[in-house]
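Colleague:
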Amino acid sequence: MDVLDCLANLSNDEVFTSPAVVNRMLDTLPEALWSDPNAKFLDPFTKSGVFLREIAKRLMKGLATVIPDPQERLDHILGQQLYGIAITQLTALMARRTLYCSKDTTELAHCLTGIFAQQGNPDGNIYFAPCEHTFVKGKCSYCGATEREFGTEQRSALEQHAYLFIHNKNPYKEMQFDVIIGNPPYQMSDGSGGSSDSAVPIYNKFVEQAIMLNPRYLCMIIPSKWMVGGRGLKKFRENMVENKKIKILYDFENSKDCFPGQNLDGGVCYFLLDREYKGKTDYIFRSNEGEEIKSKRFLKNNYFEYIIRNNRVLSIIEESSSEESFSKIVSQVRPYGIRGFLFNTPERYPNSNLSFKPFEKALKIYGVKGIKGGAKRIIGYISRDIVTNGFDSIDKYKLFFTTSYSTNAINPPEIIKAQPNEICTETFLLVGPFDTEKEQLNCLKYMNTKFFKFLLYLGKGTMHVTKSVFGLIPLQDFDEEWTDEKLYRKYGLTAEEIAYIEKMVRPME
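The C-terminal residue of the sequence shown carries number 1313 in my numbering, and the numbering is unbroken.
Written as structure tokens, this is what we have:
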């Protein structure tokens, strides 16, 4: 067994990559690289050193005829072709031990090469130096880390997690690399003390920095959340879908297909960006059910801002995309301007007069109480005075839809049927409003169809629900009822398409 298969992750931003996954990524690179003695490789966020080790193994085979002497060949590969930047002091030592068989490359008794000892260089080509964040108004100007969480005083004697590659401290920035490859840190805590759901993604910054170095090939494994949403990832997504140099993209709906011990919301992907290529992407999507769907297409589509990950659904989307989007009747966040903490910390709303019994001129309000995992829906009554948005819907019929549920769930939590004088906290989105109860009930029935849930699932991709998630769903006339059979006929779905929807959306228990 390979010891690098047994490593536990050090923290939620340091996910180790198995040798098997590394080799699948290396397989996307041209075979000719392994016999090129001038090719240079950089892992700019090395952790275990597995990427560099597996590259070294391939170069040792590929250069056998170019440099026949094994030790001379190894010296050349380790000294002239492989480079890394560690993300912490610990991972620097680990990576050197993996690649050179010694954490100190001047220790000739253990190190695989003597070239670094001749230079008096104990680190080899795996660089690490302490780095501090550059805080401007409480946030790092490079990575967005908060001073409250990562300030010098708070992190005294601890790793700063100020990664050199994205903090303008790249020691190899003057070098030209043929390949930049690796698995970057994924996120930074936002200092809120909340769950990882509120953490700030940073993997996009590593991708952007690597692209700026203009390597011949760029290959990275990152969360797939950028394709379908993600905090602060809109610009990154726009740039990626417009980038026609992405030659290959493997997309796993279930992150455990690459990281058995990890559950990454939205899945995980790895891609190959080829500087000399321009065209469609070879897209390989692996569903939760293990089905592998291959297509060759541009990442950008004509239907909504997110990437359509499963190519099998394109025909269904095409048939239902000519009408207005259901998102037109879905609110933005905080439909009434009331935060989700109302029931947990009511003192932050001193003028709400929050009560669990009705009182004169009170509004009934839906929210949740408790923390993540143990939060429960709750109903209270408040004064109308604290409402700051959505005044035109207060006295009408509407539906409330949760803003968060499991990524892999096709059936969403129960939709709340709200009456006039009923509102909600930001825990829900508002659907509507409707002038009549008949319209409200017909919309609710539509939202409970398999057709609706299927298109919602395609637009969701992460646990968070926003207005844009409903972008693929066509809006209907709610003066009439809607059933799956009626919708299938309206959009002319084939028997195969209907069977796929029916298979995907299982009836709720």
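Even glycine gets a Cβ: it sits at the ideal position worked out from N, Cα and C.
1. Distance check for residue 1302 and residue 1314, CA to CA, integer angstroms please.
2. Going along the chain, which residues of its own chain have a beta-carbon closer than 6 Å to the beta-carbon of residue 1228, five neighbours each way excluded?
3. DSSP on residue 1226, reduced to helix/strand/coil?
4. Exposed or buried, residue 927, counting other C-beta atoms within 10 Å across all chains shown (16 or more means buried)?
5. Quick one: Cα of residue 1214 to Cα of residue 1071, how far?
6. By Cβ distance, which residues of its chain are closer than 8 Å to residue 1039, with the 5 residues on each side in sequence left out?
7. I think residue 1234 touches residue 1187, with their Cβ atoms under 8 Å apart; what is that distance to the nearest whole Å?
8. Which residue or residues does DSSP assign as beta-bridge partners of residue 846?
9. What do you reckon, is the C-beta of residue 890 under 7 Å from a heavy atom of the ligand ZN?
10. For a quick check, are the C-beta atoms of residue 750 and residue 970 less than 8 Å apart?
11. Along the alpha helix (DSSP H) that carries residue 1101, what are the first and last residues, could you check?
12. Identify every run of the alpha helix (DSSP H) within the region 1058 to 1098, keeping only runs that are complete inside it and at least 4 residues long; order them along the chain.
13. Buried or exposed: where does residue 907 fall if 16 or more other Cβ atoms within 10 Å of its Cβ makes it buried?
14. Helix, strand or coil, according to DSSP, for residue 1209 in the structure here?
15. Does the Cβ-Cβ distance between residue 1283 and residue 1254 come in under 8 Å?
16. Within the region 853 to 912, note down every full beta strand (DSSP E) run reaching 3 residues or more, in order along the chain.
17. Check residue 941 in the structure and name its three-state DSSP category.
18. If you reduce the DSSP assignment to three classes, tell me which class residue 839 lands in.
19. What's the call for residue 1258, buried or exposed, on a 16-neighbour Cβ count within 10 Å?
20. Give me, in chain order, the residues of the same chain whose beta-carbon lies closer than 7 Å to that of residue 1004; leave out the 5 immediate sequence neighbours on both sides.
21. In or out: residue 924 buried (at least 16 other Cβ within 10 Å) or exposed?
22. Could you tell me the alpha carbon to alpha carbon distance between residue 1278 and residue 900, rounded to whole angstroms?
23. Have a look at residue 837 and residue 1029 and give me their C-alpha separation to the nearest angstrom.
24. Tell me, to the nearest whole angstrom, how far the beta carbon of residue 987 is from that of residue 821; I am working on the premise that it is less than 8 Å.
25. Considering only residues of the same chain and omitting the five flanking positions on each side of residue 1191, which have a CB-CB separation below 6 Å?
26. Considering only C-alpha positions, which residue in the set 869, 884, 1074, 1085 is nearest to residue 844?
27. Since residue 1024 is in the beta strand (DSSP E), which residue starts that stretch and which ends it?
28. With distance defined between alpha-carbon atoms, name the residue in 869, 905, 1252 nearest to residue 1218.
29. Can you tell me which of the three DSSP states residue 1038 falls into?
30. What is the C-beta distance between residue 1113 and residue 1089, in whole angstroms, given that I count them as a contact (C-beta under 8 Å)?
31. Could you round the C-beta distance between residue 1155 and residue 1189 to whole angstroms and report it? I think they count as a contact, below 8 Å.
32. Consult DSSP for residue 1044 and reduce its assignment to one of helix, strand or coil.
33. Using CA coordinates, which residue listed in 1100, 1081, 1069 is at the minimum distance from residue 1092?
34. List the residues that DSSP assigns as beta-bridge partners of residue 1129.
35. Ends of the alpha helix (DSSP H) at residue 1295?
36. Smallest Cα separation from residue 1195: which of 1120, 1208, 1224?
Modeller: Answer, in terms of the structure:
1. Only positions 805 to 1313 of the chain appear in this structure, which leaves residue 1314 out of reach.
2. Walking along the sequence shown from the start, residue 1228 turns up at place 424. For residue 1228, same chain residues with a beta-carbon under 6 Å away, outside a window of 5 residues either side, are 1170, 1204 in chain order.
3. Mapped onto the sequence shown, residue 1226 falls at position 422. Secondary structure at residue 1226: strand, using DSSP grouped into helix, strand and coil.
4. Reading the sequence shown from its first residue, position 123 is the one you call residue 927. Burial call: buried.
5. Against the sequence shown, residue 1214 aligns to sequence position 410. Against the sequence shown, residue 1071 aligns to sequence position 267. Rounded to the nearest angstrom, the two C-alpha atoms are 15 Å apart.
6. Locating residue 1039 in the sequence shown gives position 235, where the first residue counts as 1. If we look at residue 1039 and ignore the five residues flanking it on each side, it has no Cβ neighbours.
7. Along the sequence shown, one-based indexing puts residue 1234 at 430. Along the sequence shown, one-based indexing puts residue 1187 at 383. Actually they do not touch by this definition, with Cβ atoms about 19 Å apart.
8. Numbered from 1 along the sequence shown, position 42 holds the residue referred to as residue 846. Its beta-bridge partners are 887, 984.
9. Looking at this structure, you won't find the ligand ZN or any other ligand, since it has none at all.
10. Examination of residue 750 is not possible in this model, given that the chain is present from 805 through 1313 alone.
11. Stepping through the sequence shown from its first residue, residue 1101 is reached at position 297. Boundaries around residue 1101 are those of the beta strand (DSSP E), 1096 to 1101, since no alpha helix (DSSP H) includes it.
12. none
13. Here residue 907 corresponds to residue number 103 of the sequence shown, with the count starting at 1. Buried, by the Cβ-count rule.
14. Stepping through the sequence shown from its first residue, residue 1209 is reached at position 405. Three-state result, residue 1209: coil.
15. Counted from its first residue, the sequence shown places residue 1283 at position 479. Counted from its first residue, the sequence shown places residue 1254 at position 450. Between residue 1283 and residue 1254, the C-beta spacing is not below 8 Å.
16. 886 to 890
17. Taking the sequence shown and counting its residues from 1, the one referred to as residue 941 is at position 137. Residue state, collapsed to three classes: coil.
18. Along the sequence shown, read from residue 1 onward, the residue named residue 839 stands at position 35. In the structure shown, residue 839 sits in a helix (DSSP, three-state: H, G or I).
19. Along the sequence shown, one-based indexing puts residue 1258 at 454. For residue 1258, the number of other beta carbons within 10 angstroms of its own is at least 16, and it is reported as buried.
20. Translated into positions along the sequence shown, residue 1004 becomes position 200. The answer, listed in chain order, is 948, 991, 992, 994, 1035, 1036.
21. In the sequence shown, counting from the first residue as 1, residue 924 sits at position 120. That one is exposed.
22. In the sequence shown, residue 1278 corresponds to position 474, counting from 1. In the sequence shown, residue 900 corresponds to position 96, counting from 1. Rounded to whole angstroms, residue 1278 to residue 900 spans 55 Å at the Cα level.
23. Taking the sequence shown and counting its residues from 1, one reaches residue 837 at position 33. Taking the sequence shown and counting its residues from 1, one reaches residue 1029 at position 225. Each residue's Cα considered, the two are about 31 Å apart.
24. In the sequence shown, counting from the first residue as 1, residue 987 sits at position 183. In the sequence shown, counting from the first residue as 1, residue 821 sits at position 17. Rounded, the Cβ-Cβ distance is 5 Å, consistent with contact.
25. Against the sequence shown, residue 1191 aligns to sequence position 387. 1140.
26. Here residue 844 refers to the residue found at position 40 of the sequence shown. Per the Cα distances, 884.
27. Residue 1024 sits at position 220 when you count from the first residue of the sequence shown. Looking at the DSSP string, the run of the beta strand (DSSP E) that includes residue 1024 is 1021 to 1027.
28. On the sequence shown, residue 1218 is found 414 positions in, with the first residue counted as 1. Per the Cα distances, 1252.
29. Along the sequence shown, one-based indexing puts residue 1038 at 234. Looking at residue 1038 - three-state DSSP - the assignment turns out to be helix.
30. Working through the sequence shown from its first residue, we reach residue 1113 at position 309. Working through the sequence shown from its first residue, we reach residue 1089 at position 285. About 5 Å; that satisfies the 8 Å criterion.
31. Within the sequence shown, numbered from 1, the residue matching residue 1155 stands at position 351. Within the sequence shown, numbered from 1, the residue matching residue 1189 stands at position 385. Rounded, the Cβ-Cβ distance is 6 Å, consistent with contact.
32. Residue mapping note: residue 1044 aligns to position 240 of the sequence shown, counting from 1. Helix at residue 1044.
33. The sequence position of residue 1092 within the sequence shown is 288, counting from 1. Relative to residue 1092, the option among 1100, 1081, 1069 whose CA is nearest is 1069.
34. One-based indexing of the sequence shown puts residue 1129 at position 325. Answer by DSSP bridge pairing, in chain order: 1278.
35. As a first step, residue 1295 is located in the sequence shown; it is residue number 491 there, counting from the start. Run containing residue 1295: none; DSSP gives neither H nor E here.
36. As a working mapping, residue 1195 is identified with position 391 in the sequence shown. Of the listed residues, the one whose Cα sits closest to residue 1195 is 1224.
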